[in-house]
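Colleague: Here it is, the structure in full.
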Amino acid sequence: MTTNRTFTMLKPDAVDKGYIGAILEKINAAGFKIIAMKMTRLTKAGAEEFYKIHKDRPFFGELVDYMTCGPIVSAILEKENAVEDFRVLIGATNPAEAAEGTIRKLYAESIGNNAIHGSDSDENAAIESAFHFSGREVFSGNFF
Ligand code: IDP
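This is how it looks when you write it as structure tokens:
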């Protein structure tokens, strides 16, 4: 079953370089609805928990340092086929391999500092959303 939701973070390099507006514009233009969003900063323990699947990888320490070095913007997005379509929109992990026009191709600086996160499955989208947002911070449905 697909939930039509995905979770994203604009990572510290993208926030520091002033790319929040440009990236959100691309997200909206691609048809995603922002149903939760905030600027926050991950703690070391928080980043280690969020990326625990990578704890044995050689870049884990570097990844945790990077993800805690400054603020991030986290959001939950809604769209049909959200997880898959968002992964296409952000592009390959390594910006050098990302397709033209993708967010990482446009705004990422390296495979480590790659501007944006997108969940890789519906299950992880739900886990990652719950890690960052309480139910009261999520606004789904029509308000107008
Ligand atoms: P994804 O973010 O495209 O799903 P993952 O393989 O899940 O890619 O890796 C999570 C994050 O870890 C990446 O977005 C990137 O910030 C970092 N990362 C992945 N591979 C490397 C690497 O080889 N060196 C440094 N950082 C890496």
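Numbered as in this note's numbering, the sequence shown ends at 285 without a single skipped number. By construction, the Cβ of each residue, glycine as well, lies at the ideal position given by its N, Cα and C atoms. Bear in mind the structure is a predicted one, so any value in this text is a computation, not a measurement.
Rounded to whole angstroms, what is the Cα-Cα separation between TYR160 and TYR248?
Modeller: Whole-angstrom Cα-Cα distance: 8 Å.
Colleague: Sorted by chain position, which residues of the same chain lie with C-beta nearer than 7 Å to PHE274's C-beta, five sequence neighbours on each side aside?
Modeller: Contacts found: ALA177 and ILE217.
Colleague: Touching or not, the region 169 to 188 and the region 212 to 230, by the rule of three or more beta carbon pairs under 8 Å?
Modeller: Flag = yes, the region 169 to 188 and the region 212 to 230 touch.
Colleague: Quick one, are the C-beta atoms of THR243 and GLY232 less than 8 Å apart?
Modeller: Yes, these two residues count as a Cβ contact at 8 Å.
Colleague: Which residues does DSSP list as the beta-bridge partners of MET178?
Modeller: MET178 is bridged to ALA216.
Colleague: Leaving out five residues on either side along the sequence, give the residues of the same chain with a beta carbon under 8 Å from the beta carbon of THR144.
Modeller: So the list reads ALA223, ASP263, ALA266 and ALA267, once near-sequence residues are dropped.
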